[in-house]
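Below is one structure, written out as structure tokens; the observations come after it.
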Amino acid sequence: MTPKQIDLVQIRKMASKKEKENWRFRQFLKGSEGLDIDRCVAAITERVWAGIDCTTCANCCRELQPTFSEEDISRVARRLGMDRQQFINTYLQKTQNGESNPWETRTTPCPFLKGNLCSIYEDRPGDCSDYPHLYKSDFISRTWATIERTFTCPIVYEVMEELKKSLRSEWQAYNRQ
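Counting in the numbering used here, the sequence shown runs from 1308 upward without gaps.
Next up, the structure:
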């Protein structure tokens, strides 16, 4: 499959146009007992991801500040030949609500982005390796953040649109209420 060309300006415009609909869809999902949403999202994500090459985009690395766990800090600092404190002082700041990941990059774009590639890819933080968080279980509980990601990530935008299509009959019934 040939990867899709990504027009980030167009994705942002389309996400903005679909925002109200996505919030309504979120309400539908919250009440969608009996539907295996996680399985559906995983299958759609696999299909969509196969058609989009993240290295032609890297928008997440340009616009978001990844968070770092203590383990992430140790691993990346080692990779860069720095001690933990030097790494923190150079690249990180405390997050506002950092439970498991109390640190984030100081800047956007990410300081480890070189062109469209991650210079620490093999040791990148878990926040990055899990992005855009579509394979995690309990998708419904994360729809708030997912809707926000439709503006940044073409994969998330496409997954949301395909999810609405795959649940069209249930979604239409909900909209008639």
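All C-beta atoms, glycine included, are put in the ideal place defined by N, C-alpha and C.
Note that the coordinates shown come from a computational prediction; the quantities given were computed from them, not determined experimentally.
Quiz item: Any idea if V1463 is buried or exposed, counting beta-carbon neighbours within 10 angstroms, 16 or more meaning buried?
Solution: By the 10 Å Cβ count, V1463 comes out buried.
Quiz item: Based on the DSSP output, what are the partners of W1451 in its beta bridges?
Solution: None, per the DSSP bridge assignment.
Quiz item: In this structure, what does DSSP give as the bridge partners for K1421?
Solution: DSSP output for K1421 lists L1424 as bridge partner(s).
Quiz item: When DSSP labels each residue in this structure, what does T1414 get in the three-state scheme?
Solution: In the structure shown, T1414 falls within a coil segment according to DSSP collapsed to helix, strand and coil.
Exercise. Kindly say whether F1394, judged by its beta-carbon, lies nearer than 9 Å to any beta-carbon of chain C.
Key: Among the chains of the structure shown, chain C does not appear; only one protein chain is present.
Practice problem: Look at L1399 and R1413 and say whether their C-beta atoms are less than 9 Å apart. | Solution: Taking 9 Å as the cut-off, the beta carbon of L1399 is found closer than this to the beta carbon of R1413.
Quiz item: Does DSSP put T1363 in a helix, a strand or coil?
Solution: Three-state result, T1363: helix.
Quiz prompt | A1480 burial status per 10 Å Cβ neighbour count (16 or more: buried) | solution = Exposed is the label assigned to A1480, since fewer than 16 other Cβ atoms lie within 10 Å of its Cβ.
Quiz prompt | Where T1397 sits in the DSSP three-state scheme | solution = Helix, per DSSP.
Quiz item: Would DSSP call T1457 helix, strand or coil?
Solution: Shown here, T1457 sits in coil according to DSSP, grouped into three states, outside any helix or strand.
Quiz item: Do the stretch 1372-1387 and the stretch 1337-1347 meet, that is, are 3 or more Cβ pairs less than 8 Å apart?
Solution: Short answer: they don't touch.
Quiz item: Measuring CA to CA, which of L1424, P1418, E1328, K1320 is closest to A1365?
Solution: Checking every option, the nearest Cα to that of A1365 belongs to L1424.
Exercise. Go through its chain and collect everything with a Cβ distance to I1351's Cβ below 7 Å, but skip five positions before and after it.
Key: Correct list, in chain order: V1466, E1469, L1470, S1473.
Quiz item: Around the C-beta of I1431, are 16 or more other C-beta atoms found within 10 angstroms, so that it is buried, or is it exposed?
Solution: Looking at the sequence itself, residue 1431 is Arg, so the reference to Ile does not match. By the 16-neighbour rule on beta-carbons within 10 angstroms, R1431 is buried.
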